[in-house]
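In our numbering, the protein residues as written are 6 to 328.
In this text, a Cβ means the ideal position worked out from N, Cα and C, and glycines have one as well.
Dropping the structure here:
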């Protein structure tokens, strides 16, 4: 019999995330072209729910569907309850109907719902990178990993933001039925069967800007314009007119990082921009961003973004729109 998947649509559900489970799981077929999954959508009261955009959705099932499911998926929804660490009583009652041992999946901020219900305590989990700080503050018992695309703890799996839900569902198909089936689904849906790296490669770093009255802001702005050159701590302190000790203390107070850590972050961001926007070779990108050699650049991007420079370029040059 087909594996039963129930998707719980909460008020304010984001339509893209809501559609991921059915699109991925319903594309999985056995060699005789028989569906391997049966996907159905429910709400907490069988009533229509508003989406995050300008339409509502009507469903055919209420929370009783959760009692019969082998897997329950909670997509992201823009409701204040989960982000406040609280659950609406109707949502809590619906989740309570899930049978013990049922596999649980969350997509994007759907992890807030599972965490608020206590279902992630002591387990690894992730969520959209924009909300990892608030998630960690609200749910300290959860072993949050903000960098990965998804986590798999056996019967509880969570994904990062938005399209990482595709990665998670493909992973489940692969785990259930092997790589051949998962790859066939990926080809049908025109998505990669496996993405290298994690969420870190998608995090946009803020550009530094001088703050009025800030003791190191002018020096930081200068450093950003000279990342292709060797920059020493003593040189930065001298430009600020401070001792090395005083400069280091003030720099950490203003940025939350040491000068060396901050420079590495800025050089990583410069390398990202060059990989996305230019045709420079990897060696040229390494020199222009201040890493010096291609080997050093590869090491830093692997450590900070979980991807090689060539993979990062393919990913983001591929999605670049023509001017």
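- A residue is called buried once 16 or more other Cβ atoms fall within 10 Å of its Cβ, and residue 231, having fewer, is exposed.
- A direct Cα-Cα distance of roughly 20 Å separates residue 130 from residue 14.
- Secondary-structure assignment with DSSP links residue 103 through no beta bridge to anything.
- Under DSSP, the beta-bridge partners assigned to residue 42 are 8.
- If you draw a straight line from the Cα of residue 143 to the Cα of residue 270, it comes to about 27 Å.
- DSSP places residue 296 outside both helix and strand once states are collapsed to three, so it counts as coil.
- Spatial neighbours of residue 137 in its own chain (CB-CB distance under 6 Å, excluding positions within 5 residues in sequence) are listed in chain order as 151.
- Annotation for residue 315: 287 place their beta carbon closer than 8 Å to its own, counting only its chain and skipping 5 residues before and after.
- Under a 10 Å Cβ-count criterion, residue 304 is classified as exposed, with fewer than 16 other Cβ atoms of the shown protein chains found around its own Cβ.
- Within the same chain, Cβ atoms closer than 6 Å to the Cβ of residue 113 are found at 22, 81, 133, 166, 167, the five residues on either side in sequence being excluded.
- With a cutoff of 8 Å on beta-carbon distance, residue 121 and residue 159 are scored as not near each other.
- Linking residue 50 to residue 71 through their CA atoms gives a straight-line distance of about 12 Å.
- Looking only at 291, 320, 190, 221, the smallest Cα-Cα distance to residue 171 is reached by 190.
- Closest option to residue 223, judged by alpha-carbon separation, among 107, 109, 234, 245: 245.
- Contact between residue 176 and residue 41 does not hold, since their C-beta atoms are separated by about 15 Å, which reaches or exceeds 8 Å.
- Annotated as proximal: residue 187 and residue 198, with beta-carbon spacing under 8 Å.
- In its chain, beyond the 5 residues on either side, 10, 42, 44 have a beta carbon closer than 6 Å to the beta carbon of residue 30.
- Going by C-alpha positions, residue 156 is about 21 Å away from residue 19.
- In terms of Cβ geometry, residue 68 and residue 33 do not form a close pair [threshold 8 Å].
- DSSP, read as helix, strand or coil, puts residue 176 in helix.
- Residue 251 and residue 83 have their C-alpha atoms spaced approximately 45 Å apart.
- In summary, residue 265 is exposed, with fewer than 16 beta-carbon neighbours lying within 10 Å of its beta-carbon over all protein chains present.
- Bounds of the beta strand (DSSP E) holding residue 110 are 108-111.
- Setting aside the 5 residues that flank it on each side, residue 257 is surrounded in the same chain by 263, each with a C-beta closer than 7 Å to its C-beta; the list follows chain order.
- Here residue 62 carries a strand assignment [DSSP, helix/strand/coil].
- Between residue 79 and residue 119 a beta carbon distance of about 6 Å is seen, short of the 8 Å cut, so the two are scored as contacting.
- For residue 138, there is no enclosing beta strand (DSSP E); the residue is part of the alpha helix (DSSP H) that begins and ends at 137-143.
- Residue environment for residue 16: buried (at least 16 other C-beta atoms within 10 angstroms of its C-beta).
- Distances from the alpha-carbon of residue 95 to those of 48, 173, 248, 55 put 48 closest.
- For the pair residue 25 and residue 174, the CB atoms are nearer than the 8 Å cut-off.
- Ranking 8, 64, 281, 249 by CA distance to the CA of residue 75 puts 8 first.
- Bounds of any alpha helix (DSSP H) do not take in residue 162; it lies within the beta strand (DSSP E) bounded by 161-164.
- Here DSSP, grouped into helix, strand and coil, assigns residue 73 to helix.
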